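J.: Chains as they are written, first to last, in the numbering used here: chain U, 1 to 232; chain R, 1 to 232; chain L, 1 to 232; chain P, 1 to 232.
Protein chains: 4
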Amino acid sequence: MKFTSDINVELVQHTGSDATIAAAARVSTGLDMEEYTAEADRGLINYLMKKHHGSPFEHNSMTFRVSAPIFVLREWHRHRVGWSYNEVSGRYKKLEPKFYTYPADRPLVQSGTGAHPKLTAGTPLLTTKVNAVLAADYSRAWSAYEDLLFRGVANEVARSVLPVATFTEMYATCNARSLMSFLTLRIDHPDNFFDTKPQWEIENAAKQMEQYLKELFPETWHAFVANKRVAP
Amino acid sequence: MKFTSDINVELVQHTGSDATIAAAARVSTGLDMEEYTAEADRGLINYLMKKHHGSPFEHNSMTFRVSAPIFVLREWHRHRVGWSYNEVSGRYKKLEPKFYTYPADRPLVQSGTGAHPKLTAGTPLLTTKVNAVLAADYSRAWSAYEDLLFRGVANEVARSVLPVATFTEMYATCNARSLMSFLTLRIDHPDNFFDTKPQWEIENAAKQMEQYLKELFPETWHAFVANKRVAP
Amino acid sequence: MKFTSDINVELVQHTGSDATIAAAARVSTGLDMEEYTAEADRGLINYLMKKHHGSPFEHNSMTFRVSAPIFVLREWHRHRVGWSYNEVSGRYKKLEPKFYTYPADRPLVQSGTGAHPKLTAGTPLLTTKVNAVLAADYSRAWSAYEDLLFRGVANEVARSVLPVATFTEMYATCNARSLMSFLTLRIDHPDNFFDTKPQWEIENAAKQMEQYLKELFPETWHAFVANKRVAP
Amino acid sequence: MKFTSDINVELVQHTGSDATIAAAARVSTGLDMEEYTAEADRGLINYLMKKHHGSPFEHNSMTFRVSAPIFVLREWHRHRVGWSYNEVSGRYKKLEPKFYTYPADRPLVQSGTGAHPKLTAGTPLLTTKVNAVLAADYSRAWSAYEDLLFRGVANEVARSVLPVATFTEMYATCNARSLMSFLTLRIDHPDNFFDTKPQWEIENAAKQMEQYLKELFPETWHAFVANKRVAP
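(1) On the criterion of 16 or more Cβ atoms from any shown chain inside 10 Å, does R:G122 qualify as buried, or is it exposed?
(2) Restricting to Cα atoms, I'd like to know which of L:E203, L:L179, L:M180 and L:S178 is closest to L:I187.
(3) Grouping DSSP H, G and I as helix and E and B as strand, with all else coil, what is R:W142?
(4) Of all the CB atoms in chain P, is at least one closer than 9 Å to the CB of R:H241?
(5) Between U:K98 and U:N155, which are expected to be in contact by the criterion C-beta below 8 Å, what is the C-beta distance as a whole number of angstroms?
(6) Between the segment 47 to 64 of chain U and the segment 161 to 174 of chain U, can you find at least three pairs of beta-carbon atoms closer than 8 Å?
(7) Could you tell me whether any Cβ in chain U is nearer than 9 Å to the Cβ of L:D188?
(8) Compute the Euclidean distance between the alpha carbons of P:Y85 and U:S55, then round it to the nearest angstrom.
(9) Closest to P:A226 by CA distance: which of P:R80, P:V88 and P:I45 is it?
(10) Determine, using beta-carbon pairs with one atom in the segment 209 to 229 of chain R and one in the segment 9 to 27 of chain R, whether at least three such pairs fall under 8 Å.
(11) Using DSSP bridges, identify the partner residues of L:H14.
(12) Could you spell out the range, first to last residue, of the beta strand (DSSP E) harbouring R:R120?
(13) Does any residue of chain L have a CB that is nearer than 9 Å to the CB of U:K2?
(14) Roughly how many angstroms lie between the CA atoms of L:A23 and U:F224, to the nearest whole one?
(15) Answer yes or no: does any C-beta atom of chain U fall closer than 9 Å to that of R:S5?
(16) Going by DSSP in three states, L:M49 sits in which element: helix, strand or coil?
(17) Report the residue from P:V161, P:D147, P:T127 and P:G43 whose alpha carbon sits nearest the alpha carbon of L:L148.
(18) Give every residue of the same chain whose Cβ lies closer than 6 Å to the Cβ of L:P107, excluding the five residues on either side of it in the sequence, and list them in chain order.
(19) Could you pull out every residue in the same chain whose Cβ sits closer than 7 Å to the Cβ of U:K71, ignoring the five residues on either side in sequence?
(20) Under 9 Å between C-beta atoms, does L:L216 make it to chain U?
(21) Could you give the first and the last residue of the continuous beta strand (DSSP E) run that contains L:Y212?
(22) Please identify, using Cβ separations under 9 Å, the residues of the segment 153 to 180 of chain L that lie next to chain R, in order along the chain.
(23) Where does L:F182 land, buried or exposed, given buried means 16+ other C-beta within 10 angstroms?
(24) Quick check on L:P56 - is its C-beta less than 9 Å from some C-beta in chain P?
(25) Going by beta-carbon coordinates alone, are U:L134 and U:Y102 separated by less than 9 Å?
(26) What's the call for R:D137, buried or exposed, on a 16-neighbour Cβ count within 10 Å?
(27) Apart from the five residues on each side of it in sequence, which residues of its chain come closer than 6 Å, Cβ to Cβ, to L:Q13?
(28) Taking L:S111 as the reference, which of P:K129, P:R91 and P:V109 has the closest Cα?
(29) Does the beta-carbon of U:T184 have 16 or more other beta-carbons within 10 angstroms, so that it is buried, or is it exposed?
(30) Residues of chain U with CB closer than 8 Å to the CB of R:V130, please, in chain order.
(31) Can the beta-carbon of P:E87 be found closer than 9 Å to that of U:V161?
(32) Quick check: is the beta carbon of R:D137 nearer than 9 Å to any beta carbon in chain U?
(33) So what does DSSP say about L:S89, is it helix, strand or coil?
(34) Out of P:W200, P:A206 and P:F193, which one is the CA nearest neighbour of R:K51?
(35) Around the C-beta of P:D41, are 16 or more other C-beta atoms found within 10 angstroms, so that it is buried, or is it exposed?
(36) Can you tell which of P:P232, P:K207 and P:T196 has the C-alpha that lies nearest to the C-alpha of R:M49?
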């Protein structure tokens with residue numbers, strides 16, 4: 001049994017760069033792409049972002065391997081456009097006994113009601129207590145899973161008992177535009193145009209994704225943040 | 001606590017018909033749609049299906065209210081194109097204590113291995129035993145959920161313990177083409193072109209969806225089945 | 001031969017309303033939709049717009065019949081998500097001799113260069129002169145088209161000579177969300193968040209589309225305009 | 001002035017391979033990808049194709065630069081899913097005087113009527129005659145275009161006279177799955193499952209695209225053709 005707070009995103013492969021984005025935009029204007037410099041690219045990328053001209057940001061590709069609890073992937077898979085997914089199937093294999101527990105800096109206590117209740121940190125004792133309740137429950141669920149498998153029950157039936165905090169893995173492929181749409185909704189920051197209130201765990205993953213965007217497409221990332229994280 | 005095998009799909013609203021599909025196709029050929037009969041529509045719809053001409057099947061809309069366990073919606077949400085979803089959020093409200101158990105005619109025993117292991121019926125005794133194991137586990141999980149909520153832990157944290165067999169609800173909107181793509185993958189029939197092996201529960205939902213297609217778009221449904229359920 | 005500035009959009013069918021949008025959003029929060037009033041719907045729709053919560057705006061459908069020159073549909077078809085199209089085919093039928101000329105209030109003169117050159121009105125004389133040049137060219141192109149058809153040349157070959165100002169027709173189906181994405185890019189207004197500079201003719205069509213949104217989904221339209229026409 | 005039959009597709013960049021497709025599929029089954037051979041990949045890819053399991057074919061990317069007449073790109077842009085486009089804009093720049101004429105082996109004569117009339121080769125004399133009519137018309141249209149530009153009329157207005165046979169260029173990005181969907185509809189072959197009757201010119205482009213698929217994803221291409229060119 002493994003209990004962990006470690007949600008992980010790794011880059012598997014990618015193609016394209018800020019220069020590709022600028023080159024795609026210049027197909028429209030028909031200007032010769034050879035004569036352009038990194039500085040000209042920066043200006044053009046900022047211009048595209050402000051004009052909400054999104055298509056030049058699509059001629060590239062990033063494939064990630066993501067390890068996260070089911071409840072995180074449930075939110076992720078609602079991103080339908082410009083995203084491709086292949087996830088571990090609990091029908092074809094026995095899953096791993098790996099479950100999500102909460103780290104110390106994760107606010108756990110809910111105050112207020114409504115669509116976006118405010119969350120505040122509890123005491124360290126509360127985090128310990130919550131994780132203990134979770135671990136006990138996960139262990140019981142895992143025992144029931146193994147018991148059912150032992151009786152010859154199919155994988156796809158036995159998994160019924162597994163909690164949404166069970167870890168799963170997926171390949172996810174997107175492009176710079178669809179990644180930015182994800183970041184618009186899944187990262188909260190006081191300077192953002194929208195006030196989206198993502199769940200802490202998917203924001204954790206989104207922050208890792210944002211680092212890849214920043215490394216692979218630095219000018220695009222700067223323009224995106226300067227545009228209050230409104231995706232083009 | 002409610003344990004049930006009842007996966008339910010209800011039509012909320014729709015627009016369009018076989019006649020709309022034929023009218024959209026006739027925009028291409030520029031023929032006057034007034035002079036055409038139901039028989040001419042039938043011929044045209046069969047022709048579109050055989051030619052793999054899909055766009056005329058998109059000018060219509062069906063909205064469904066679906067009640068099903070999380071593991072069914074997990075598969076459903078992988079259909080990204082021509083589908084819109086709004087699902088109950090376990091962040092904003094306390095979920096209902098309603099869980100999936102297996103009906104008597106549902107094969108439970110797995111034999112063989114690999115990507116598509118063969119499932120066979122167990123004994124009635126096995127179904128009873130499996131459901132008893134599940135019910136005990138669901139009850140414990142629900143107690144842990146309520147215990148965490150009682151301590152002031154946020155909805156979105158407490159739900160970690162809930163199993164993937166917990167019922168959820170969604171609004172799902174599609175069109176005749178995206179619905180057929182769903183049926184191609186989610187209904188198994190010896191006469192189908194593809195051999196797709198859907199899980200029993202999503203096939204149950206898909207069969208209900210197919211009835212709506214048959215009622216609302218009867219010629220389209222006939223042509224689809226005659227085309228070995230290959231979606232256009 | 002017909003020369004006209006009349007770009008036309010007609011609603012063929014639709015389903016859904018502001019109430020449907022609010023109902024879809026309430027599936028997420030799990031609140032009973034019966035008790036809600038139009039005023040509550042308005043507040044909720046504004047809230048969804050500000051949070052960039054787009055999926056509730058998708059559970060509805062509008063089908064339009066559009067008559068416009070080819071160069072307008074060329075821009076329109078770049079809207080890929082949430083849009084379905086069936087257009088008159090110049091392969092299957094002889095097209096109509098109907099061509100686009102410019103109305104008096106359409107700026108025709110270009111000053112400046114770059115990606116978004118400024119257009120200013122010419123004199124009435126210029127409009128008359130431009131339309132005369134166009135009409136003469138359209139007539140010659142049509143004669144060449146008919147000449148080729150007369151020789152037994154296929155429709156799809158003969159159409160090579162037809163200008164991009166030739167009128168065409170299509171069925172287009174979208175939902176309130178994809179329609180708003182179209183309006184974000186295709187309507188220019190000083191109060192808009194983005195400065196998108198659409199071509200005059202597609203903006204003409206977009207303004208007609210916006211009227212339908214305003215009539216069918218009045219609260220959604222108000223929230224959209226109040227949100228500086230940034231689509232959710 | 002340039003008259004040409006040369007439709008051209010060039011690969012700009014790509015990522016992914018048959019091995020990536022197999023690796024993505026193995027995420028589902030959870031099997032260790034290290035131990036697998038090219039032969040195992042081949043078997044798996046064939047299996048995916050037969051089961052209509054499409055998502056593993058999406059974790060890759062190909063960007064092409066396409067030079068073709070407007071009427072070809074008009075058909076191409078109807079492919080909405082898994083395709084990204086950036087095309088030369090006739091609003092931002094003066095277009096090039098380059099137009100499409102028909103090669104000797106292109107059937108030009110139409111016999112029969114209906115949605116898919118039969119085309120047969122004419123005489124060499126007919127091809128010469130047709131191209132002469134086209135060239136004369138293209139030249140007149142180009143003169144009108146230049147005349148309007150000379151008078152200070154905006155690019156976007158002057159282009160009204162340009163025929164749909166005018167050459168344009170675009171960046172197009174797709175993945176192996178969306179490319180196969182394109183090939184299903186745009187390549188005609190007696191062994192295909194569907195009988196789709198694409199126009200000669202887009203089939204010309206599609207055959208070039210198919211060569212890239214064959215080189216970059218040879219096992220995928222073989223499985224696709226063996227599956228009667230039905231895209232997964």
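Glycine included, C-beta positions come from ideal geometry on N, C-alpha and C.
Note that the coordinates shown come from a computational prediction; the quantities given were computed from them, not determined experimentally.
T.: On the basis of the supplied data:
(1) The residue in question, R:G122, is buried, as its Cβ has 16 or more Cβ neighbours within 10 Å.
(2) L:E203
(3) helix
(4) Because chain R is modelled from 1 through 232, residue 241 of chain R falls outside the range shown and cannot be assessed.
(5) Contact check for U:K98 and U:N155: beta-carbon distance about 16 Å, past the 8 Å limit, so the pair fails to qualify.
(6) yes
(7) no
(8) Distance between the alpha carbons of P:Y85 and U:S55 is about 7 Å.
(9) P:I45
(10) yes
(11) L:M62
(12) The displayed chain sequence assigns Thr, not Arg, to residue 120 of chain R. Counting along the chain, R:T120 sits inside the beta strand (DSSP E) bounded by residues K118 to T120.
(13) Residue-level contact by beta carbon fails for U:K2 and chain L, as no gap is shorter than 9 Å.
(14) Rounded to the nearest angstrom, the two C-alpha atoms are 33 Å apart.
(15) no
(16) L:M49: helix per DSSP, three-state reduction.
(17) P:T127
(18) L119, T120 and A121
(19) For the sequence presented, residue 71 of chain U should be read as Phe rather than Lys. Cβ within range, chain order: V164 and A165.
(20) no
(21) Where L:Y212 is concerned, there is no enclosing beta strand (DSSP E), although the alpha helix (DSSP H) it sits in stretches over W200 to L216.
(22) E169, M170, Y171, A172, T173, N175 and R177
(23) Buried, by the Cβ-count rule.
(24) no
(25) Closer than 9 Å, so yes.
(26) Flag for R:D137 reads buried.
(27) T63
(28) Considering only alpha carbons, the answer is P:R91.
(29) buried
(30) L148, R151, V153 and V157
(31) no
(32) yes
(33) coil
(34) P:F193
(35) buried
(36) Of all alpha-carbon atoms in P:P232, P:K207 and P:T196, the one lying nearest the alpha-carbon of R:M49 is that of P:T196.
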